[in-house]
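First up is the structure itself, then whatever we jot down about it.
2 protein chains.
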Amino acid sequence: MPKKSTEVPTYYQQAEKLLVAVDCIIFGFDGEKLKLLIFKRKLEPFADAYSLIGSFVHPSESTVDAARRVLHDFTGLEAIFLEELKVYSQIDRDPGDRCISIAKYALIRVNDYHKALSDRYNTEWVALDSLPNLVLDHDHMVTDALEQLKRKAQFYPIGFELLPKKFTIPMLQRLYEEIFERNFDARNFRKKLLSLNVVKQLSEKDKSTSKKGSFLYQFDYKKYNRLSEKGFQFSLV
Amino acid sequence: MPKKSTEVPTYYQQAEKLLVAVDCIIFGFDGEKLKLLIFKRKLEPFADAYSLIGSFVHPSESTVDAARRVLHDFTGLEAIFLEELKVYSQIDRDPGDRCISIAKYALIRVNDYHKALSDRYNTEWVALDSLPNLVLDHDHMVTDALEQLKRKAQFYPIGFELLPKKFTIPMLQRLYEEIFERNFDARNFRKKLLSLNVVKQLSEKDKSTSKKGSFLYQFDYKKYNRLSEKGFQFSLV
DNA sequence: ATAATAAACGTAATTTATACATTTATTATA
DNA sequence: TATAATAAATGTATAAATTACGTTTATTAT
């Protein structure tokens, strides 16, 4: 795009380039609490400070490529739910140099997470209510990501990305109670979920939380997509 | 080109900078149809082709600044609903040079729009179903923006940004029918709207569409925000 | 055999959504 | 000045979804 003016065109050569970074707000759920994957920086800039996971965007990659690259580096995982949050571009947001950051949030199944990488990169899962201060505007990114998670989880089945592929209804309920910071009636929650017709019951049970055991379910993405195209609106809230 | 400044730490100097642009998908509603504000480029690159309105992001401004700058240049308007859509960053999206674009969508009251600027910049309001092909990946941006408009308008009162500040209920209904590409029952639509308690009726009527005239209403942002904080969910669909 | 308990199922009352009928305010014209 | 025409506004009955609870079930430890 040329500059706005009606003057003689000035193209790409004349436009000034900027540093572009991606930062990832990585959510996880351990069955009890919502957590964030952050790391304590070993090197400059901001050595010893806590930070979101990120990187500069290389000329040879898209912003999604860059985000998936760092996600893979830090977690060992490839197939991760990843969605753009927003661009942070205040001109003084980074005292080191002008740099815009494209924030993305990711949802991870913590039991898939490769713990071996934790030491290598100094990464930690931290509960949302015990987060340390983060570098730059990363605190702000986290706040915005949480809001976005709530907004999105209200009408899209993204919560399932935080649970094991096989989950029980009480597990799902606890996750929703964490995300929305409110309680749900177990009987109505179950009824609502089953009425949506997007989870299929397995014959297996999870017996870790009760003598009776609780049936495992799987989210049926194919079915959801089919319904979704017909105008079906997912919601458990 | 990395800066030479001694103040810039080395880790920033090693990173490669990129061209960063903003492009705006500008929606308008003329009372009948949803339209997009595009322009026929007078200059290179892509002279004579249709394009969204955009600009490179200058080092001295944020991406929001840049978007508001071009919106003001092309429409004369300052207070415009503007929200980020997403970042387009395929490495080959622009044959001129590697350039990432931050797409934002804007909602405009067409009667506020300064027509004088139309000739100067070759801008045109084009109905969504009669759009010409646009340069680069702008067609894709438009498709994505429309989806986002639908998604957002379903649960947030952003439709009102496309109507005159004083509007009638049938006008609002017509807009919703355009956005959601379906019809609404006038009696139920009205009932639903009024039950939400977020519009206030004025004493004036609009007589342009009937002998009886139709009462004008205003959206009550203060009331909506108050309700919204308490968990109220806006929806007319 | 029984107690304990999370899980699963059930029901009545309330609220919200849908489909459709009727009345109202106004103007043009017979 | 009475009447026809018509969009706007109000109303109503039925169906569907949500909410607030009570009850039964499967299992294990005692």
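As they're listed, the protein sequences go chains C and V. Just so we're aligned, residue 7 is where the first sequence starts under my numbering, counting upward by one. Just so we're aligned, residue 7 is where the second sequence starts under my numbering, counting upward by one. No residue lacks a Cβ here, since even glycine has one placed at the ideal position from N, Cα and C.
Check the Cβ-Cβ distances between V/K229 and every residue of chain C, and say whether any is below 9 Å.
-> no
So, is V/L332 buried or exposed, given that buried needs 16 or more other C-beta atoms within 10 angstroms?
-> Residue coverage of chain V in this structure runs from 7 to 243, which leaves residue 332 of chain V outside it and unanswerable.
Find the nearest neighbour of V/K23 within the set C/I44, C/R104 and C/P51, judged by alpha-carbon distance.
-> C/R104
Residues of chain C with CB under 7 Å from V/H144, in chain order?
-> The contacting residues do not exist; V/H144 stays about 10 Å from chain C at best.
Sort out for me which residues DSSP pairs C/A27 with in a bridge.
-> C/F62 and C/S107
So, does the CB of C/H64 fall closer than 9 Å to a CB anywhere in chain V?
-> yes
Determine contact between the region 165-177 of chain C and the region 191-208 of chain C, defined as no fewer than three beta-carbon pairs at a distance below 8 Å.
-> yes
Helix, strand or coil for V/Q239, going by three-state DSSP, please let me know.
-> coil
V/F161 versus chain C: which residues are under 9 Å apart at the beta carbon?
-> R157, Q160 and F161
Start and end residues, alpha helix (DSSP H) containing C/K213 = Here C/K213 belongs to no alpha helix (DSSP H), and DSSP marks it neither H nor E.
Using the Cα positions of V/V14 and C/Y17, report the straight-line distance between them to the nearest angstrom.
-> 27 Å
How is V/V132 classed by DSSP in three states: helix, strand or coil?
-> strand
Under a CB-based cut-off of 9 Å, is C/V76 close to chain V?
-> no
Best match in V/G102, V/F45, V/Q96 and V/L58 for proximity to C/A21 [C-alpha to C-alpha] = V/G102
N- and C-terminal bounds of the alpha helix (DSSP H) containing C/K156 | H144 to F161
Return the bridge partner residues of V/E89 from the DSSP annotation.
-> V/Y111
Which two residues bound the contiguous alpha helix (DSSP H) that contains C/V124?
-> Checking the sequence shown, residue 124 of chain C turns out to be Ser, not Val. A122 to Y127 is the extent of the alpha helix (DSSP H) around C/S124.
Could you give the distance in angstroms between the alpha-carbon of V/H146 and the alpha-carbon of V/D100?
-> 13 Å
The region 15-46 of chain C: which residues have C-beta closer than 7 Å to a C-beta of chain V, in chain order?
-> P15, Y17, Y18, A21, E22, K23, L24, L25 and V26
Using a threshold of 9 Å, state whether the C-beta atoms of V/K39 and V/E184 are closer than that.
-> yes
Nonlocal neighbours in the same chain, by C-beta distance under 7 Å from V/T69, ignoring five residues either side | V28, V63 and I108
For V/T4 and chain C, any beta-carbon pair shorter than 9 Å?
-> Because chain V in this structure spans residues 7 to 243, residue 4 of chain V falls outside the shown range and cannot be described.
CB-CB length for C/D36 against C/K92, believed under 8 Å | Not confirmed; about 27 Å, so no contact.
Should V/A53 be labelled buried (16 or more other beta-carbon atoms within 10 Å of its own) or exposed?
-> exposed
By DSSP, does C/I32 sit in helix, in strand, or in coil?
-> strand
Determine which residues share a DSSP beta bridge with C/K48 and list them.
-> Looking at the DSSP assignment, C/K48 forms no beta bridge with any residue, so it has no partner.
Less than 8 Å between the CB atoms is what I'm expecting for C/Y230 and C/P163, so what's the real figure, rounded?
-> 6 Å
Would C/G102 count as contacting chain V if we go by Cβ distances under 9 Å?
-> yes
Coarse secondary structure for V/F166, derived from DSSP in three states | helix
What are the residues of the region 210-224 of chain V that lie near chain C, defined by any Cβ-Cβ distance shorter than 9 Å?
-> none
Using a Cβ cut-off of 7 Å, which residues of the region 79-95 of chain C contact any Cβ in chain V, in chain order?
-> E90, K92, V93 and S95
Kindly list, in the order they appear in chain V, the residues whose Cβ is closer than 9 Å to that of C/I97.
-> P65, S66, E67, S68 and D71
Tell me, please, which residues DSSP counts as bridged to V/K206.
-> V/Q224
With distances taken Cα to Cα, identify the nearest neighbour of V/D226 among V/S241, V/N203 and V/S216.
-> V/N203
Exposure label - V/R74; buried when at least 16 CB within 10 Å = buried
In whole angstroms, what is the alpha-carbon distance linking V/F238 and C/L49?
-> 46 Å
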